[in-house]
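Notes for the one structure printed next.
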Amino acid sequence: MCAFVNKPIRGQNRVGGNTAARKTPNILFAIADDVSWPHMSAYGSRFVNTPNFDRVAREGILFNNAFTSNPKCSPSRATLLTGRNSWQLEEAADHFGIFPAKYKVYPDLLEAAGYRMGFTGKGWGPGDWKRGGFKRNPVGNDYNKLKNKPPTSAMSANDYAANFKAFLQDQSKDKPFCFWYDGQEPHRVYEEGSGVRAGKRLADVQVPPYLPDDNIVRSDLLDYALEIEWFDEHLGRMLKMLEEIGELDNTLI
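Going by numbering that gives the first Met the number 0, the residue at position 183 of the sequence shown is 182; the numbering climbs one at a time, nothing skipped.
Structure below.
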């Protein structure tokens, strides 16, 4: 799934006129781990409800033709960070390897340009970035201390949105920020039957043609849907925080 919003900057009209000084935009980069593109309600899913992703899609751009450069965790994150193909990244293209610091990553470049950098959830990994020569995770400064109680035992206890708030509170307000939100959800494993217990209906599931259409598969897809919605809930809390501090209109998401 992929959506992007660049909300109009306050004081700038839609045809490019500038009535106020242009402000450097913030960046919030949100990644749900292992979600398939049809399974957001913006794409027509009937059994997954993602109002916050849908808002980003509605107010920005919803992509219908996008590709991953690598299907594995570490290599795909390395390609996002560097803008390179995985075959150009040596050990960084291994699933559980190292990330050579000779490859420039956009968080370091943005930080050098004055941005405040941070992340919550999964950064680059799995792998050993220290052995590659990095002094921190390549995606930025770690904000993973705050925890909560998720709806199921299989979900991460990381309070992603609270950690984003801590990042905002820690930083100088006169600099732009770039924050990486990479939730564990909906990566397996799931708590079996959690979707049905949360009130979701087997009859609503749209079973892909390559899977058997039975109640076991339908229930599993509802467990998956519940995890996507948990990711989306945290995204919504982050959007609300940005609205409250007056930065939503100046943030690329």
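Backbone N, C-alpha and C fix where the C-beta goes; we use that ideal spot for every residue, glycine too.
If you're wondering where the values come from, they're calculated on a predicted model, not measured in any experiment.
Check whether residue i and residue j have beta carbons under 7 Å apart
{"i": "A224", "j": "G194", "result": "yes"}
{"i": "G117", "j": "N140", "result": "yes"}
{"i": "F230", "j": "A91", "result": "no"}
{"i": "G131", "j": "I97", "result": "yes"}
{"i": "L61", "j": "A41", "result": "yes"}
{"i": "L109", "j": "C177", "result": "yes"}
{"i": "P24", "j": "N162", "result": "no"}
{"i": "T67", "j": "S75", "result": "yes"}
Alpha-carbon spacing of residue i relative to residue j, whole angstroms
{"i": "N51", "j": "E232", "result": "7 Å"}
{"i": "G245", "j": "K172", "result": "11 Å"}
{"i": "T119", "j": "Y142", "result": "5 Å"}
{"i": "P7", "j": "L247", "result": "Residue placement at P7 is flagged as unreliable, the pLDDT there being 40, under the threshold of 50; a coordinate-derived value is accordingly withheld."}
{"i": "L253", "j": "Y180", "result": "Since the first residue of the chain shown is 0 and the last is 252, residue 253 is not available in this structure."}
{"i": "D158", "j": "P99", "result": "30 Å"}
{"i": "G126", "j": "A77", "result": "11 Å"}
{"i": "N147", "j": "G59", "result": "31 Å"}
{"i": "V204", "j": "Y189", "result": "17 Å"}
{"i": "F46", "j": "V34", "result": "14 Å"}
{"i": "K174", "j": "N214", "result": "52 Å"}
{"i": "G192", "j": "G82", "result": "39 Å"}
{"i": "A112", "j": "K103", "result": "14 Å"}
{"i": "G16", "j": "E243", "result": "In this predicted model, G16 has a pLDDT of only 41, less than 50, meaning its place in the structure is not dependable; the value taken from the coordinates is given anyway. In a straight line, the C-alpha of G16 is about 26 Å away from that of E243."}
{"i": "L80", "j": "P207", "result": "32 Å"}
{"i": "F133", "j": "R236", "result": "31 Å"}
{"i": "L234", "j": "R54", "result": "10 Å"}
{"i": "K101", "j": "K129", "result": "13 Å"}
{"i": "R196", "j": "L88", "result": "44 Å"}
{"i": "V138", "j": "Y105", "result": "8 Å"}
From the options, residue whose alpha carbon lies closest to that of residue i
{"i": "M240", "options": "P211, E90, K174, A160", "result": "A160"}
{"i": "K199", "options": "V188, E228, G131, L210", "result": "E228"}
{"i": "L145", "options": "A165, N136, V138", "result": "A165"}
{"i": "N48", "options": "V55, A56, M39", "result": "M39"}
{"i": "P70", "options": "A56, Y105, S85, G113", "result": "S85"}
{"i": "R135", "options": "G235, M154, G113, D107", "result": "D107"}
{"i": "R217", "options": "L201, V55, P185", "result": "L201"}
{"i": "Q183", "options": "L167, P137, A56, M154", "result": "M154"}
Local Cβ density within 10 Å of residue i, reported as buried at 16 or more and exposed below that
{"i": "I252", "result": "buried"}
{"i": "D222", "result": "buried"}
{"i": "P149", "result": "buried"}
{"i": "H94", "result": "exposed"}
{"i": "L220", "result": "buried"}
{"i": "G43", "result": "exposed"}
{"i": "N64", "result": "exposed"}
{"i": "R13", "result": "In this predicted model, R13 has a pLDDT of only 37, less than 50, meaning its place in the structure is not dependable enough to derive any value."}
{"i": "S152", "result": "exposed"}
{"i": "R115", "result": "buried"}
{"i": "D212", "result": "exposed"}
{"i": "P37", "result": "exposed"}
{"i": "L210", "result": "exposed"}
Residues that residue i bridges to, as DSSP identifies them
{"i": "C72", "result": "Answer by DSSP bridge pairing: none, since C72 is not bridged."}
{"i": "A156", "result": "Bridge partners of A156: none, in fact."}
{"i": "M116", "result": "C177"}
{"i": "G96", "result": "G126"}
{"i": "I26", "result": "C177, L251"}
{"i": "G182", "result": "A31"}
{"i": "D141", "result": "F118"}
{"i": "K146", "result": "N157"}
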